[in-house]
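In what follows, a structure is listed as structure tokens, so that the remarks can point back to it.
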Amino acid sequence: MERVSDDNSLGGMRPLLEQDEAILGYEPQEEFADRCWVLHTIHQEGSRVRWNDLLKGAGKRLEDWQHTPSWKVFDDLGISRDFTSPSLGEIDRECLARLIEILARHSPDGLATECYWAQAAIENVAAPVPARLGRLDEALAHHDDCGPPRWVVSQKFPAHWWPLDRSWFVLTDWDLSGTEVFGSPALVADLLADDGLDAVRHPSIADVRNNYAQWREQAG
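For what it's worth, the working numbering labels the leading residue of the sequence shown as 18, then goes sequentially.
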């Protein structure tokens, strides 16, 4: 992926990514027909498990969580037995690999589709949002560069990425443990049906902005 200049408009997206409300990440509101969350990977006793399967053991359902997906979902639930919490503010490699495969099927040039990759403004609020241009099939290598053991890049994996035609958009808010994907109903249906992802419908960041991060009280 190649770094683009700070005066590159990113296809008109730069002003949106740099507005005050988007400091942790920019969430589109009306541009796309559908959306869903891809929950970051969790493990228990070394095996990947779905969020709701783990929550079921604590008598909870993600549908009853009145806020956005984050580590707080699992806080104070008494979950033990070698539980590995989801990554915060950055999609994990396991999720990313599968998400790329599905997005490629809904992209004009498949894995060769050119995309913009932009950081969250919070990484350096005094500077323009850093961004790159690169193909979908370059994402995993860049993810490896953003973390151990390589750590070639001194930034997290980009918070926002989208193809040049803006047929879909991906956001990983810096404060959350889920990645939002926006696009066509067909794309979202593929994500929700995929066994390799823990994709769910859940309220958007904007929908729950004024809610407390807590569980809905159960009737009876």
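Ideal Cβ placement from N, Cα and C applies to all residues, glycine included.
By DSSP, does residue 142 sit in helix, in strand, or in coil?
coil
Give the straight-line distance between the Cα atoms of residue 194 and residue 29, rounded to the nearest whole angstrom.
27 Å
With DSSP run on the structure shown, which of helix, strand or coil describes residue 163?
coil
Residue nearest to residue 141 in terms of C-alpha spacing, selected from 47, 50, 41 and 204
41
I'd like to confirm something about residue 203: is its beta-carbon nearer than 7 Å to some heavy atom of the ligand ADP, or not?
For the ligand ADP, the structure offers nothing, since it holds no ligand at all.
Rounded to a whole number of angstroms, what is the C-alpha to C-alpha distance between residue 211 and residue 25?
35 Å
Between the beta-carbon of residue 73 and the beta-carbon of residue 232, is there less than 8 Å?
no
Ranges of the beta strand (DSSP E) found wholly within the stretch 184-230, counting only runs of at least 3
186-188, 195-200 and 215-217
Taking the beta carbon of residue 180 as the centre, do at least 16 other beta carbons fall within 10 Å, making it buried, or is it exposed?
buried
Starting from residue 129 and walking both ways along the alpha helix (DSSP H), at which residues does that stretch end?
First-last for residue 129: undefined, no H or E at that position.
Which residue's Cα is closest to the Cα of residue 183: 190, 164 and 198?
198
Limits of the unbroken beta strand (DSSP E) element including residue 148:
For residue 148, the uninterrupted beta strand (DSSP E) run begins and ends at 148-152, by DSSP.
Burial state of residue 215, where buried means 16 or more other Cβ atoms lie within 10 Å
buried
What whole-angstrom Cβ distance do residue 178 and residue 187 have, given they're in contact under 8 Å?
5 Å
Exposed unless 16 or more other CB atoms sit within 10 angstroms - verdict on residue 36
With a threshold of 16 other beta carbon atoms within 10 Å, residue 36 falls short and is exposed.
Contained beta strand (DSSP E) runs [length at least 3] in the stretch 26-104, N- to C-terminal order:
51-56, 59-61 and 64-66
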